[in-house]
Amino acid sequence: MRLIALEEHYVDANIMATYDDVDRALLAPSRVPGLDEVGDMRIKGMDEAGIDVQVLSHAKPGVQEVIEPDRATALAAAANDALAEAVAAHPTRFAAFAMLAPQAPEAAARELERCVRQYGFKGAMINGHTRGEYLDNKRFWPIFEAAEALDVPIYLHPANPHPAVLEAYYKDFPVLGYAPWGYAVETGTHMLRIMLSGVFDRFPGLKMIIGHMGEFIPFGLWRADGRLTPKYPQLKKSLRQTFLDHVSVTTAGVFSTPELMCTAGVMGFDNMLFSVDYPFESNLQATAWFEALQIADGDKAKLAHLNAERLLKLR
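Residues in the sequence shown are numbered from 43 upward in steps of one, following my numbering.
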């Protein structure tokens, strides 16, 4: 069975040079082996695990912490050019999500169009908030408009929590602020903000993806829908229906059958996709878990490749 992984990361040296000490330490290739390689070694690891295709995306925060919009836009374009070369060298094994500079929304929309039309990129990955600004702010909506027009999804990836949140929630337990907990809280909250903003009413063809088995949203959707939908009567759909109609989730970083079945019980297998979160997680662990899943063959095929092929137009 063909296996496609959607949230698989790399780093570009020029982008890494812009990172602060926290992110530079978290993403150092010495700490995360394989993060700085997009060639034969990566493919060897994919072969050993039985992964046919990786959809590559730059590790967070991309250029979203760069202050100057013009510089961020130029850095993103150069990184996308380099990523396109890596994909072109292995076109049957790699695909790509574009890096964007949301601090310049119109330019980001143009860069998304360039990457899709010129290079065949499959969408874009945006790493949470951009210097404290969230995508529900209408100034960012040209990016959503472009994604809808191009019929490609936006993958909303975690960012480090907002500094005020880090201070209030995690100061005494800083490890909680990152992958173990804070990333999911930050990204799930961001996704709820986007849904409540009306962006999917404005762009009804827009599709988005979130990782890590839905960033806690499937587990809290019933309560959130019941409490929030009545407070937003201007929206055309309930919160629950908006999520089910517009958002797909991946298994990135969560290789647990109970969580998978809970998520599938909420949203069905048609909007779920296999991912690893390589190299932060193990290809071998992810595929061993996936192969052992006791679910219907048709649902397994949807997770493995059919949904990705449909959503990303992968052949």
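Backbone N, C-alpha and C define an ideal beta-carbon position, used for all residues, glycine too.
Exercise. So what's Y220 in DSSP terms, helix, strand or just coil?
Worked result: coil
Exercise. What is the rounded straight-line gap between the Cα of L354 and the Cα of L192?
Worked result: Taking the straight line joining both Cα atoms gives about 11 Å.
For this session: Give the secondary structure of H204 by DSSP, where H, G and I count as helix, E and B as strand, and everything else as coil.
Result: coil
Exercise. Counting along the chain, where does the alpha helix (DSSP H) carrying N122 start and finish?
Worked result: 111-131
Exercise. How about L48 and A201: are their beta carbons less than 9 Å apart?
Worked result: no
For this session: Please classify V105: does DSSP put it in a helix, a strand, or coil?
Result: Here V105 sits in coil by DSSP.
Problem set entry | T172 (DSSP reduced to helix, strand or coil) | strand
For this session: Please report the residue range of the beta strand (DSSP E) in which L177 lies.
Result: Run containing L177: none; DSSP gives neither H nor E here.
For this session: Would you kindly work out how many angstroms separate the C-alpha atoms of F242 and A131, rounded to a whole number?
Result: About 36 Å.
Problem set entry | Minimum length 4: unbroken alpha helix (DSSP H) runs contained in the stretch 215-302 | Entirely contained in the stretch 215-302, the alpha helix (DSSP H) runs reaching 4 residues are, in chain order, 224-238, 241-244, 259-270, 281-288.
Problem set entry | Reference R66; option with closest CA among E107, G170, K86, I85 | E107
Exercise. How many Å lie between A266 and A226 at the Cα?
Worked result: 16 Å
Exercise. On the three-state DSSP scale, how would you describe V95?
Worked result: Residue state for V95 is assigned as strand, using DSSP reduced to three classes.
Problem set entry | Same chain, Cβ closer than 7 Å to A114, five either side skipped, listed in chain order | V105, V108, A143, Q145, A146
Problem set entry | I196 - containing beta strand (DSSP E), residue span | 196-199
Exercise. What is the rounded straight-line gap between the Cα of D312 and the Cα of R282?
Worked result: For D312 and R282, the distance between alpha carbons rounds to 16 Å.
Exercise. Are the stretch 118-130 and the stretch 70-79 touching by the rule of at least three beta carbon pairs closer than 8 Å?
Worked result: no
Exercise. Among the residues of its own chain, which have a CB less than 6 Å from the CB of F258, if the five just before and after it don't count?
Worked result: A226, G230
For this session: Below 8 Å on the Cβ atoms is my guess for F20 versus F316; work out the distance and round it to an integer in Å.
Result: As displayed, the chain neither begins before 43 nor continues past 357, which places residue 20 out of reach and without an answer.
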